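So the structure is just underneath, and the comments pick up after that.
Spelled out as structure tokens, the structure:
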């Protein structure tokens with residue numbers, strides 16, 4: 251384990267990224283536990299207020315993100331300074347993204363259905379950083395040989411093709427697959443060959459005169475949502491807590 255850590259994490263300069271990811275995930279989980287305790291009226295925790303104004307934890311999160319980000323840029327990838335700044339940045343990012351929905355809606359939607367967007371963004375961010383940490387370079391060019399890496403034309407063409415695949419998948423209404431396809435091109439290929447979701451730009455453009463394709467896309471989306479909506483909701487409830495029933499549409 252020590253040899254693997256030294257060779258794959260420390261030597262390539264990925265230790266700050268590992269520390270940032272770990273502190274990001276831990277901060278999010280601890281924050282959710284504390285907020286759920288406050289919501290239930292248990293434990294010694296309570297909301298922070300100043301002059302009658304509720305201070306959301308996104309505020310210290312922004313401060314820590316700025317401090318950690320600029321510190322990381324100045325510290326490089328090695329040394330105690332880089333590690334400390336990575337932890338500070340991870341903590342700040344965890345606090346900020348935990349209230350991503352509040353920033354998006356400019357409203358206190360933390361315990362509403364709209365507040366689930368915060369959990370989705372945190373999970374997606376952690377997954378993408380984990381993929382990068384595991385050795386997947388963006389655009390899938392990490393498997394090129396040394397000679398191919400020196401050939402800028404090959405690298406550029408690979409980047410462009412994968413980017414176009416990601417755009418096509420995004421136009422089909424599959425945002426999550428589009429994001430992951432930037433890291434893992436095979437995901438983009440799968441999303442590209444499958445039918446678009448109804449109502450997506452791709453469906454409106456190419457299925458307009460194809461009623462069978464529209465019907466098939468609608469049926470497939472219905473079965474997909476029916477199959478995965480329940481498990482996804484239960485997972486989000488487990489991670490972030492159930493929304494306030496009074497706020498449900």
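Residue numbers (this note's numbering): 251 to 499.
We put the beta carbon where it would ideally sit given N, CA and C, even for glycine.
What you are looking at is a predicted structure, and each value in this text was computed from that prediction instead of being measured.
Do residue i and residue j have their CB atoms nearer than 7 Å?
i: residue 259; j: residue 271; result: no
i: residue 322; j: residue 274; result: no
i: residue 280; j: residue 308; result: no
i: residue 456; j: residue 431; result: no
i: residue 447; j: residue 471; result: yes
i: residue 305; j: residue 298; result: yes
So residue i and residue j are supposed to be a Cβ contact under 8 Å. How far apart are they, rounded?
i: residue 369; j: residue 490; result: 4 Å
i: residue 263; j: residue 328; result: 6 Å
i: residue 341; j: residue 314; result: 5 Å
i: residue 418; j: residue 442; result: 5 Å
i: residue 461; j: residue 421; result: At roughly 20 Å, the Cβ-Cβ gap does not stay under 8 Å, so residue 461 and residue 421 are not in contact.
i: residue 429; j: residue 378; result: 7 Å
Go to residue i, then tell me how far its alpha helix (DSSP H) extends in each direction, as first and last residue.
i: residue 290; result: 265-290
i: residue 454; result: 451-456
i: residue 477; result: 461-490
i: residue 424; result: Here residue 424 belongs to no alpha helix (DSSP H), and DSSP marks it neither H nor E.
i: residue 336; result: 330-348
i: residue 372; result: 366-383
i: residue 315; result: 308-325
i: residue 438; result: 435-443
Identify, in the order they occur along the chain, each residue of the same chain with its Cβ nearer than 8 Å to the Cβ of residue i, setting aside the five sequence neighbours on each side.
i: residue 499; result: Summary for residue 499: the model assigns pLDDT 42, below 50, so the residue's position carries little reliability, and this model does not support an answer.
i: residue 282; result: 348, 489, 490 and 491
i: residue 494; result: 361 and 362
i: residue 367; result: 350, 351 and 354
i: residue 310; result: 342 and 345
i: residue 440; result: 427
Below 6 Å CB to CB, which residues in the same chain sit around residue i once its five sequence neighbours on both sides are set aside?
i: residue 278; result: 344, 348 and 372
i: residue 284; result: 295
i: residue 381; result: 433
i: residue 318; result: 335, 338, 339 and 342
i: residue 463; result: 457
i: residue 459; result: none
i: residue 497; result: Legend: pLDDT at residue 497 = 43, less than 50; position of this residue unreliable, value from coordinates given subsequently. Same-chain partners within the cutoff: 362.
Whose C-beta lies closer than 7 Å to the C-beta of residue i among residues of the same chain, with five residues either side of it excluded?
i: residue 468; result: 448
i: residue 375; result: 347
i: residue 265; result: 259 and 333
i: residue 358; result: 352
i: residue 355; result: 364
i: residue 383; result: 264, 267, 268 and 271
i: residue 473; result: none
Residue i: beta carbon under 6 Å from a heavy atom of the ligand FMN?
i: residue 495; result: The ligand FMN is absent from the structure shown, which contains no ligands of any kind.
Please decide whether residue i counts as near chain C, where near means a Cβ-Cβ distance under 7 Å.
i: residue 370; result: Note that chain C does not occur in the displayed structure, where there is just one protein chain.
Q.
Using 8 Å as the cut-off, can you tell me whether the segment 322-333 makes contact with the segment 343-360, which would need three or more C-beta pairs spanning the two stretches below that distance?
A. Contact fails between the segment 322-333 and the segment 343-360, because fewer than three Cβ pairs, one in each stretch, are under 8 Å apart.
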